[in-house]
Structure formats: C-alpha cells, structure tokens
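Student:
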Amino acid sequence: MKVLTYGEIMDGGLSVFHSVAKLDDHHLILTFEGVIRVDNPYRYLHTYLEELAKVLPRQSVTETTMDFVKMRFCNSNGFYVIMDIVDAVYNLVPGRVTVRRIADDDWQCETLPILLNLSEEHIAARTNFEDVKAP
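Position one of the sequence shown corresponds to residue 1 (UniProt numbering), numbered consecutively onward.
#1: List the whole-angstrom C-beta distance separating D67 from I29, where the pair is believed to meet the contact cut-off of C-beta under 8 Å.
#2: Go to K54, then tell me how far its alpha helix (DSSP H) extends in each direction, as first and last residue.
#3: Grouping DSSP H, G and I as helix and E and B as strand, with all else coil, what is L112?
#4: Determine the DSSP secondary structure at M66, reduced to helix, strand or coil.
#5: Using the C-alpha atoms, what's the distance from K22 back to G13?
#6: Where does D106 fall in DSSP's three states?
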C-alpha cells in the first residue's frame, strides 16, 4: 500500500485529527480519524487539499473507499474541509465510492450524505454506504 498524502490538525501540541490518502493496487483509500473542533481547519489542511489535487489525477483508480468510522466529531467549520476533500475525490478520480460509517451514529448517518452532496445525481449514482458497528 502506497501513502499518497497525509493531512493533520494539531491542537495544543497534540494530533487531534488526521486524514490519509493511500493507494492499494487501483483502490484509493481515504481515512478520517479524530475530531475537528478548531475554528480554522484550513490553516492545517490546506497543504493536504493541494496535494490531493496534484496526486489524485496521476493515479490509476478504479474504486475508492472513504472511511469515517474513526472520525468522532466535526464542527460546522470542519464541514467545509470535509466537503473539499470529498469534492476532490469525486472530481478527480473515477469509479465507485464506498463510504464506511458508523451505523448508529446520528452525525455520520444524517450529515455525511449532505457533505457528500448526494443530492447530485451523478454523485449518488457512484456512492454506496457500508454501515459498521462502533469500534
């Protein structure tokens, strides 16, 4: 498995959130872990977004998994960063997108479809959900 790029939010000297984009054969895997509570998450993640825009078009991707199972919280400021990461995936790589989320988590089940922009037919047609039990 090859790591393509990595983004992290530090708060008080500790890593509170990170996202990793990896490629396994032709399968893109984006993981989201931790919490986004800071006022300006772009301050920490703008380089990650720029790197995604550079590296994703150069990859041979046939399917994508976006794994939110270890993402515990995201404030409204973080919604925009997540939306930008998701947009990069949908706009820069082809293929099916599987979204892993916690089945009984209200935030993940109610908010993720909005952040993924599933109201757009072409996005909804590419997306399926894998609901898992809380870790």
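Beta carbons are placed, not taken as given, at the ideal position from N, Cα and C, and that holds for glycine.
Tutor: A quick look at the data gives this:
#1: Counted from its first residue, the sequence shown places residue 67 at position 67. Counted from its first residue, the sequence shown places residue 29 at position 29. Confirmed, about 7 Å.
#2: Indexing the sequence shown from 1 puts residue 54 at position 54. Run containing K54: 42–55, per the alpha helix (DSSP H) assignment.
#3: The residue given as residue 112 occupies position 112 in the sequence shown. Helix.
#4: Locating residue 66 in the sequence shown gives position 66, counting from the first residue. It is a strand residue.
#5: For the purposes of this step, residue 13 is identified with residue 13 of the sequence shown, where counting begins at 1. For the purposes of this step, residue 22 is identified with residue 22 of the sequence shown, where counting begins at 1. Between G13 and K22, the C-alpha separation is close to 25 Å.
#6: Here residue 106 refers to the residue found at position 106 when the sequence shown is read from its first residue. Reduced to three states, the DSSP call for D106 is helix.
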